[in-house]
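Counting in this note's numbering, the first sequence runs from 343 upward without gaps.
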Amino acid sequence: MQNFNTNQRKAVEFKGKHLLVLAGAGTGKTKTIIGRATYLIEQGVDAEKIQILTFTKRAANEIVERVKSSLSSSASRNLRGSTFHSWCSQLITKFPNLFGASTFTVIDPDDQAGIMKMICGENVTEYKAIRIKPQQLIDIYSFARNTKKSLTDALRLKVYKGKSDKETDEEILQIKPSIAILLKAYQAKKMQARYLDYDDLLLVIANRLRKDPEAKKILSAHYDHILIDEMQDTNPLQWDLIEPFIAIANLFCVGDDAQSIYSFRGADFKNVHLFTERVPDSEVQVLDKNYRSTQSVLNISNWLLETSPIVYNKNLVSAREQGDKPELVNVESQWEEANFISERILANYTEGNKTFSDHLVLSRSQYYTKPLQAVFIQRKIPYVTYGGRKFMESAHIKDVVSLLRVVNNPYDEIAWMRFLTFWDGIGEIRAAKFVRAIIDCQDSEECAQKLPTIIGGQDGAKIGTLFNNILETKGDVRAAVSNTYEAMSLNLAYKYRKDWEEKRKADFPVLEILAGNYASLGEFITEGILENSKQINGTPVLESSKLTTDEHKDHVIISTVHSAKGLEADTCFVLNVSPKVYPSARNLDNIDEIEEDRRVLYVALTRAKNELIITRDTSSINAFHNRRSNSEAAQQDTPDQGSSYFLENLPMDMVIQKNVDKIRKRGHDIKVPNEIDLSMGMDFS
DNA sequence: CCCCCGTGCATTTTT
DNA sequence: TGCACGGGGG
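Laid out in structure tokens, this is it:
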């Protein structure tokens, strides 16, 4: 058993009913939740009656694996850890009668946007009356449901940045009816096609538990302990899901309000602040001793929170030594930044006795890491990225899965459209016509029978036979995938000829093996959609699968800050901490969003154990300073200028500032690829 | 009328 | 990297 400090032990061995663990960054949050699960099992609690809930599959898997390895007995064999979403989908499948959804298909954000686009196309008058794109409509809809806010409030917050002047009110009033029509049409389409989107998964369970004491009773027999990680990221909808369990199970929630970075999807740290008020028989345990980072790393992190108008009362104190000051490195371009980081990692690796996996690179956005990945590939630095496009979301996989989806749920219009337009000569117009006829069928059998006539000709015969073939093999998911691929592979190879051999072809054996893990088509489709992926050296790999031998190799981790919660590394690079990024230029008019960006940076800084290296772009720093001094000269009534760049007033004795330029001049050969001086010595002045 | 393909463009953060 | 748009071809 691990060593716990006094407070950690109090949490792990808590004897009361419900506990909230308020744990700052690096204070042993994960360790405590693992310790708690281990302790409960050791105390004789049936592992099956413990449910661990997290926000990412990665976190869930890690916790479960570590509990299992810390126990010698097999008592932990049935311990379950899932994301909120996959837990709910499992419950729906496990109790089909309880939640009334026997045939359904979980749709991903791409599908949601696709459906909304269709809806907007069918309701042109309403769509034209608003200046909101389908994707944003989906965001508004999701936000409203996750936060349980009215459409008016959701619109105000999402579209009008929370403004409440008369003009805004009128505009909202004006567009609201049209939006309501579009959203209702979207809901009707979901119902008709038996779709559940991500939010529906939670809503189905939460609503049922709320309304039906019987459902509560049945679930109470299955769960004694609910352990929730990252409590500060739960939103009101998730609270609705948790709340019924207060009466029927023990809650053990772990969180840190300074690390709340998901308010854009409705997270509300009231769930942390109001915990003891909302939950009877509950207590709070604080963890404040930081074991992860050196004091120098914590100093800058603490400073960042202190400069916030929000009072966090988080002064992290390291249990370790002072350590080296963080480095603040000025770079002139993204390529220079990427080369600098590569050099540094290679130096640490060859001279500094560090492994690649001692390094973590954090970015505000996925997109920004592209040049870095290019340089890593060029320099042969092995890396993994988290987040990004999921395996099941890539186009070629979706093509194959579309047939599985229509066999599983013949009302699945999106999948029908994808499957039909996949074939040469069938475009959107004809496919849509076919779909209208197809969804009149009562079941898959009738569908199989009528397909040839609906489509007609050779296409009809071919597609009908294929559908029938998969319908017959649907009991064997792996065979269904294999047969589907066989039938589609020629067309796939042509459609994706640009990168078929190098990239996409190899995904299908992976898909087949994955399919073999599921007992039914429905489970495969649902769980597969919720499955996370990571990428190894740019190639997507299923995160939870043990398919690759690469799995435990030595890799640098590249991650967005949002995906990096819970991660830590000896050396941590935080990319592009420049004006307009921290905080983001698009958030400047909203104090709440500025403060959320601050917490994003805080999360990033607190990942580092020993070496913290912050990079930033020289030109944007200069632009920021010029703009500042200009506006200060002109008028002095803009007191928030300083706060519009978090590092603006950073005490320089907290860091060591460097310019990559100088490093290069000292003799390091840093190659910047594709940098051609286009001026060619010409001065046009 | 419908389908296909080339070009240009803009890209927060996640289940 | 995906997507919206427009022109050419069937």
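Even for Gly, the Cβ is constructed at its ideal location relative to N, Cα and C.
Under 8 Å between C-beta atoms of Gln1028 and Thr727: Residue coverage of the chain in this structure runs from 343 to 1027, which leaves residue 1028 outside it and unanswerable.
Span of the alpha helix (DSSP H) around Gln432: 426-436
Within its chain, find whatever has a CB closer than 7 Å to the CB of Pro476; leave out the 5 residues flanking it on each side and keep chain order. Ala455, Met458, Lys459, Cys462
Counting only the same chain and skipping the five closest in sequence on each side, list residues whose C-beta sits under 8 Å from that of Val997. Ile642, Lys667, Pro668, Glu669, Leu670, Ile956
Going by beta carbon distance, what residues of the same chain come within less than 6 Å of Thr334, once the five residues before and after it are set aside? There is no way to answer for residue 334, as the model of the chain reaches only from 343 to 1027.
Cys914: first and last residue of the uninterrupted alpha helix (DSSP H) it sits in: Counting along the chain, Cys914 falls outside any alpha helix (DSSP H), though it belongs to the beta strand (DSSP E) covering 911-916.
Is it buried or exposed, Thr948, if we count other Cβ atoms within 10 angstroms and call 16 or more buried? buried
Less than 8 Å between the beta carbons of Phe866 and Val923, yes or no? no
Contact belief for Val309 with Leu688 at Cβ below 8 Å, rounded distance in angstroms: One cannot answer for residue 309 here, as it falls past the ends of the chain, which runs 343 to 1027.
Does the Cβ of Val501 have 16 or more other Cβ atoms within 10 Å, making it buried, or fewer, making it exposed? buried
Going by C-alpha to C-alpha distance, which of Ile383, Leu992, Val903, Gly864 sits closest to Ile434? Gly864
In or out: Met734 buried (at least 16 other Cβ within 10 Å) or exposed? buried
Hey, out of Ile392, Ala821, Lys352, Tyr654, whose CA is closest to Arg419's CA? Ile392
Determine whether the beta carbon atoms of Ala557 and Asn577 lie at a separation below 8 Å. no
Identity of the residue in Ser707, Ile547, Leu551, Leu361 nearest Pro925 by Cα: Ser707
Please state whether the Cβ-Cβ distance between Leu1041 and His567 is less than 8 Å. Nothing about residue 1041 can be reported from this structure: the residues present for the chain run from 343 to 1027 only.
Helix, strand or coil: which one does DSSP assign to Thr980? Residue placement at Thr980 is poorly supported in this model, since its pLDDT is 44, which falls under 50; the coordinates still yield a value, given next. Thr980 falls in the coil class under three-state DSSP.
Just to confirm, is the Cβ distance from Tyr709 to Phe718 under 8 Å? no
Jot down the residue ranges of each uninterrupted alpha helix (DSSP H) in the region 804-884, minimum 4 residues, whole runs only, in chain order. 819-837, 849-857, 863-872
When DSSP builds the beta bridges, which residues end up paired with Ile392? His567
Expressed to the nearest angstrom, what Euclidean distance is found between the alpha-carbon atoms of Thr315 and Glu990? The chain is shown from 343 up to 1027; residue 315 falls before or after that span and cannot be answered.
May I ask you to report which of helix, strand or coil DSSP gives Thr960? helix
Below 8 Å on the Cβ atoms is my contact criterion, and I expect Ala591 with Tyr565 to pass it. Report the Cβ-Cβ distance as a whole number of Å. 5 Å
State whether the region 370-379 contacts the region 346-359, with contact taken as three or more CB pairs (one from each stretch) at a distance under 8 Å. yes
Where the beta strand (DSSP E) containing Gly1028 begins and where it ends: Residue 1028 falls outside the range modelled here, since the chain spans only 343 to 1027, and no answer is possible.
Does the distance from the CB of Leu551 to the CB of Gln580 come in under 8 Å? no
How big is the Cα-Cα spacing for Arg422 and Ile394? 6 Å
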